[in-house]
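Note that numbering that gives the first Met the number 0 numbers the sequence shown so that position 131 is 130, with each residue one more than the last.
All C-beta atoms in this analysis are idealised placements derived from N, C-alpha and C, irrespective of residue type, glycine included.
These numbers come from a predicted model, not from an experiment.
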Amino acid sequence: MIKENQRLIRARDTEDELTCIVCPIGCRLTVDRTADGEIEVSGNRCKRGVAYAREEFMDPRRVVTGTCAISGAVSARLPVKSSNGVPIDDLAPFLKAMYEIRLSAPVKRGALIASDLGGTGIDLIATMTAGGSRE
Ligand code: SF4
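Listed below in structure tokens is the structure:
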């Protein structure tokens, strides 16, 4: 499943168009690579589209949301998310490490679940409180 997701994410790498998702306008961006490895962006209505396209082509990242197993709480899974965007090449080790985590309640919303998860340099954070008096 993880390999399939990476294949789908990478499928766009060979194309030179993408839709900017920074705001609801959704400009259709065209990206050209220059001889020195830089990129030129057109179709954007503002600078944020250039920054978005540059990151997507040079250092694509995704914020990861998911759940971890937890015992001693009403639910068997605790919602979590990455502290920052995870480089696409690091998604597999990040997800593998995330699904191996076993927590025990109580856990507070915003708590650090794991640092440098999967050796990616990105942390994992709880997005909900589980157990305790305010679950
Ligand atoms: S380029 Fe600017 S205006 Fe266009 S979708 Fe991106 S953020 Fe919105």
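Here K95 carries a helix assignment [DSSP, helix/strand/coil]. In this structure, the straight-line span from the alpha carbon of L77 to that of D115 is close to 19 angstroms. The Cβ neighbour count for M97, taken over all protein chains shown within 10 Å, is at least 16; the residue is labelled buried.
The C-beta of L102 has 16 or more other C-beta atoms within 10 Å across all chains shown, which makes the residue buried. When rounded, the separation of the alpha-carbon atoms in G65 and T119 is 17 angstroms.
Judged by beta-carbon spacing, I121 lies within the 8 angstroms limit of F93, meaning their Cβ atoms are closer than that value. Distances between the C-beta of R53 and the heavy atoms of the ligand SF4 are all 7 angstroms or more.
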